[in-house]
Amino acid sequence: MSPASTTTGEAYGHAGVRLRERALTMAPATARQGYRALVGQVAEKARTILPTAVNGRIESAVKLVLQGDVELLDDGTIKVGSSDPTRYYHLIGQACTCTDFTQQKAPSGCCKHRIAAGIDKRVRELLAATPLPETAQPPRVIAS
Ligand SMILES: [Zn+2]
C-alpha cells in the first residue's frame with residue numbers, strides 16, 4: 008500500500024497543457040485570471056449549445072480544464088483526468104471510456120470528459136487567434 012496522492016495532476020505535463028504552462032510562466036496572476044475568464048466564456052457558450060440535461064457536467068468539465076487535466080496525446084487521442092486523482096479517461100474520436108459515456112447515461116454522449124476536451128480545444132483555438140495581452144509579450148528581451 009502506497010499512498011500515491013502527491014503530484015498526479017502536475018505529472019500531466021505534456022502537449023495538452025504546454026500552452027497554459029507557458030502563459031503561467033510568463034505572467035502569473037493576470038494571465039491566469041484571463042485564462043479563467045476565457046474558460047468561463049467558452050463554458051457559458053457550451054451551456055447554450057449543449058442539452059440542458061448536461062448542465063452539472065459543464066461545471067465539472069470546467070474544473071478539469073482549469074486543473075489542466077485535459078492532455079492531448081501524440082496519437083490524436085485525449086487523456087482527461089478525473090475527480091479521482093489516480094484515475095483518468097481516454098477520449099478516442101467521439102468516444103470516452105467513462106461509464107457515463109459507455110453506459111449512455113450522458114445526454115447525447117456529452118460526458119464531462121468530452122465537454123472538458125471540447126472547452127479546452129476551443130480555449131486553445133481562441134488563445135491562438137487572440138493571445139491574452141500578457142502572453143503576447145515576449146518572455147524576455149535579448150539584448151545584443
Ligand atoms: Zn467521459
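Sequential numbering of the sequence shown, starting at 8, is according to the working numbering. Cβ atoms here follow ideal geometry from the backbone N, Cα and C, with glycine treated the same way.
Cβ neighbours of residue i in the same chain (closer than 6 Å, five flanking residues each side left out)
{"i": "L57", "result": "C117"}
{"i": "G23", "result": "Confidence at G23 is low in this model, with a pLDDT of 46, below 50, so its placement is unreliable and no value can be given for it."}
{"i": "A136", "result": "none"}
{"i": "P114", "result": "P58, A60 and V61"}
{"i": "D107", "result": "A113 and C118"}
Residues that residue i bridges to, as DSSP identifies them
{"i": "A102", "result": "I99"}
{"i": "K86", "result": "E78 and H97"}
Identity of the residue in the options nearest residue i by Cα
{"i": "I65", "options": "L45, G75 and R54", "result": "R54"}
{"i": "G100", "options": "T84, S90, P114 and F108", "result": "T84"}
{"i": "D91", "options": "L98, C105, D82 and D81", "result": "C105"}
Pair within 7 Å by beta-carbon distance, residue i and residue j
{"i": "A68", "j": "A123", "result": "yes"}
{"i": "C103", "j": "R121", "result": "yes"}
{"i": "G88", "j": "L71", "result": "yes"}
{"i": "K86", "j": "H97", "result": "yes"}
8 Å Cβ shell around residue i - same chain, five flanking residues per side excluded
{"i": "L45", "result": "V130, L133, L134 and L139"}
Other residues of its chain near residue i: CB distance less than 7 Å, five sequence neighbours each side excluded
{"i": "L73", "result": "R43 and V46"}
{"i": "T14", "result": "Model confidence at T14 stands at a pLDDT of 44, short of 50, so the residue's coordinates are unreliable; what they give is reported in the following sentence. Around T14: no qualifying Cβ."}
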